[in-house]
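The sequence shown begins at 17 in the numbering used here and counts up one residue at a time.
Quick reminder that beta carbons are idealized off the backbone N, C-alpha and C, glycines included.
Here the structure is laid out as structure tokens; the discussion comes afterwards.
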Amino acid sequence: MKRLDTREPNFETAFTTLLSNREEQGQEVHKPVADILAAVRKEGDAALCAFTERFDRLPLTAQQLAFTAQEVEQARAKVSPELLEALDVAAQRIESFHKNQLPSDIRYTDDVGMTLGMRWIPLDAVGLYVPGGKAAYPSSVLMNAIPAKVAGVRRLAMCVPTPDGVINPLVLAAAHRAGVTEIYRVGGAQAVGAMAYGTQTIRPVDRIVGPGNAYVAEAKRQVFGYVGIDSIAGPSDVVVIADSNTNPRLIALDLLAQAEHDECAQATLITPDAAFADTVIQAVEAELRVLSRAAIAGASWARNGAVLICRDMQEAVELANRLAPEHLELMVDDPESLFAHVRHAGAAFLGRFCPEAIGDYVGGPNHVLPTSRTARFASGLSVFDFMKRTTFLSGGPDALRQIGPAAVALAQAEGLEAHALSVSARLDVLAASTPNT
Ligand SMILES: NC(=O)c1ccc[n+]([C@@H]2O[C@H](COP(=O)([O-])OP(=O)(O)OC[C@H]3O[C@@H](n4cnc5c(N)ncnc54)[C@H](O)[C@@H]3O)[C@@H](O)[C@H]2O)c1
Ligand SMILES: N[C@H](CO)Cc1c[nH]c[nH+]1
Ligand SMILES: [Zn+2]
Numbered sequence: 017m018k019r020l021d022t023r024e025p026n027f028e029t030a031f032t033t034l035l036s037n038r039e040e041q042g043q044e045v046h047k048p049v050a051d052i053l054a055a056v057r058k059e060g061d062a063a064l065c066a067f068t069e070r071f072d073r074l075p076l077t078a079q080q081l082a083f084t085a086q087e088v089e090q091a092r093a094k095v096s097p098e099l100l101e102a103l104d105v106a107a108q109r110i111e112s113f114h115k116n117q118l119p120s121d122i123r124y125t126d127d128v129g130m131t132l133g134m135r136w137i138p139l140d141a142v143g144l145y146v147p148g149g150k151a152a153y154p155s156s157v158l159m160n161a162i163p164a165k166v167a168g169v170r171r172l173a174m175c176v177p178t179p180d181g182v183i184n185p186l187v188l189a190a191a192h193r194a195g196v197t198e199i200y201r202v203g204g205a206q207a208v209g210a211m212a213y214g215t216q217t218i219r220p221v222d223r224i225v226g227p228g229n230a231y232v233a234e235a236k237r238q239v240f241g242y243v244g245i246d247s248i249a250g251p252s253d254v255v256v257i258a259d260s261n262t263n264p265r266l267i268a269l270d271l272l273a274q275a276e277h278d279e280c281a282q283a284t285l286i287t288p289d290a291a292f293a294d295t296v297i298q299a300v301e302a303e304l305r306v307l308s309r310a311a312i313a314g315a316s317w318a319r320n321g322a323v324l325i326c327r328d329m330q331e332a333v334e335l336a337n338r339l340a341p342e343h344l345e346l347m348v349d350d351p352e353s354l355f356a357h358v359r360h361a362g363a364a365f366l367g368r369f370c371p372e373a374i375g376d377y378v379g380g381p382n383h384v385l386p387t388s389r390t391a392r393f394a395s396g397l398s399v400f401d402f403m404k405r406t407t408f409l410s411g412g413p414d415a416l417r418q419i420g421p422a423a424v425a426l427a428q429a430e431g432l433e434a435h436a437l438s439v440s441a442r443l444d445v446l447a448a449s450t451p452n453t
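In structure tokens form, the structure reads like this:
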């Protein structure tokens, strides 16, 4: 863990290193991912089965790639009524938030009598990547699938790795709750390749969404253009801005809640109070002695953890904006006043009793968020990722008479004669059919 103070002379150098460490390091996985994608494109199911055996230690035949409806039902039957109820609470809240996101079409008639507009249309087929290497994510099933359903996508194909053939039954129960019926036990870059290019068993999709590790993120990057992707959601990160009125153990737990995802996860505390910072560091160390995922969380905290001591809350927000975190917690007396200055964060959590983990499961907004500082230009998963827009123009002779000559002039200026003629020939037709006044 790095403890930095903005008043120290070497702070800017150390902070710049911290920033560059946060950016996605795809280079070392570029070649293996390219090889996997090429093999899946060439050999289809056979490559999927081979990679699944190699990386997930699961020997499979092509017929076993998809979960059957019976397997889903059997898994669902293993889940307790309490957990199914919790899943339902989450699903309802996620659905309600994403319904509120649905955009409206535009249609209006302007002063030349032309009708203009834009229609939102759902995608035909999307691929949902649900991570499953180091932990199972039933919540990510809901976060991927529900916005797609709300947007009106017709076909949802879901890929989830099952290391050693083990699947958390709640993952399949969540898919069932969200209405996903096409589910494959494939993960990593090979799953992304299958959904992009198609295999004998998995039909290609139009867009692939969902978080995953460095292999998944790099594979999405490499298939982009052939299919659409959402933002790159890789290893989780959090920045917590806290004042000393906050219980240090609660802050330590929030930092560890990100750290326990992955050794590559990044947890950062920013506070103006140096003594408070040290108490939180001690609390993190104490929790690491008892946490069940201490091996992962401890490695993440040691490698990527950071505590930044700043002059005041204004400087805290400036540092957070530069870090552009996936999650930003504002654990202070008046979070709204700080939030007004936040410009780069995937999701913000306002108030001491609104921890990020609530947003992971039951808040309602999506937890698939831009990581690795991409919140500077990207946003979390939403219904917009499952829709596209078609604009339209509808006009008659009157509108053409009024705006056509300007189009002719511009086309001629660009030297595009057919463009100019396509408009001027119509103007000629109208002139010939209109009696002189
Ligand atoms: N941002 C979000 O919304 C969000 C949500 C949930 C999880 N996450 C993140 O997603 C990530 C999930 O990672 P994960 O590893 O647990 O699961 P994963 O499903 O992303 O990756 C597992 C797959 O990686 C591939 N793989 C592993 N080692 C490989 C190798 N050496 N060569 C080629 N392929 C290899 C395998 O195919 C395996 O099936 C974590 O970093 C977690 O923090 C993010
Ligand atoms: N914090 C993760 C990335 O937003 C999402 C998650 C799923 N389950 C628990 N957490
Ligand atoms: Zn989480």
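Name the residue from the options whose alpha carbon lies nearest to the alpha carbon of residue i.
i	options	result
residue 242	30, 224, 333 and 285	224
residue 261	278, 287 and 277	287
residue 3	397, 317 and 22	The requested residue 3 is not part of the displayed model; the chain covers only 17 to 453.
residue 240	219, 212, 230 and 227	212
residue 460	363, 257, 387 and 390	Nothing can be reported for residue 460, as the shown portion of the chain is limited to 17 through 453.
residue 442	432, 429, 298 and 419	419
residue 33	159, 95, 69 and 322	322
residue 201	194, 336, 265 and 187	187
residue 185	298, 83, 172 and 324	83
residue 372	256, 132, 141 and 151	256
residue 339	360, 353 and 354	360
residue 76	85, 86 and 64	64
residue 337	299, 388 and 315	388
residue 139	410, 404, 97 and 412	404
residue 112	275, 183, 166 and 149	166
residue 58	215, 375, 146 and 91	215
residue 367	80, 303 and 267	267
residue 300	21, 313, 408 and 183	313
residue 229	168, 192, 272 and 152	152
residue 123	315, 307 and 410	410
residue 269	236, 249, 99 and 309	309
May I ask you to report which of helix, strand or coil DSSP gives residue i?
i	result
residue 133	strand
residue 77	coil
residue 407	strand
residue 165	helix
residue 402	helix
residue 225	strand
residue 199	strand
residue 324	strand
residue 217	coil
residue 33	helix
residue 370	coil
residue 416	helix
residue 461	The question about residue 461 has no answer, for the chain in this structure spans 17 to 453.
residue 17	coil
residue 175	strand
residue 394	coil
CA-CA distance, residue i and residue j?
i	j	result
residue 280	residue 110	27 Å
residue 206	residue 348	44 Å
residue 181	residue 204	15 Å
residue 55	residue 49	10 Å
residue 10	residue 106	Any answer about residue 10 is impossible in this case: the structure gives the chain only from 17 up to 453.
residue 137	residue 318	46 Å
residue 234	residue 330	36 Å
residue 36	residue 29	11 Å
residue 238	residue 232	10 Å
residue 246	residue 446	47 Å
residue 290	residue 23	12 Å
residue 284	residue 324	7 Å
residue 19	residue 303	19 Å
With a threshold of 7 Å (Cβ to nearest heavy atom), would residue i be considered close to ligand 3?
i	result
residue 156	no
residue 376	yes
residue 438	no
residue 273	yes
Residue i: beta carbon under 7 Å from a heavy atom of ligand 2?
i	result
residue 153	yes
residue 416	no
residue 342	yes
residue 252	yes
residue 385	yes
Is the beta carbon of residue i sitting closer than 8 Å to the one on residue j?
i	j	result
residue 217	residue 72	no
residue 253	residue 342	yes
residue 415	residue 130	yes
residue 335	residue 346	no
residue 147	residue 156	yes
residue 52	residue 209	yes
residue 46	residue 399	no
Should residue i be counted as a contact of ligand 1 given a C-beta to heavy atom distance under 7 Å?
i	result
residue 278	yes
residue 206	yes
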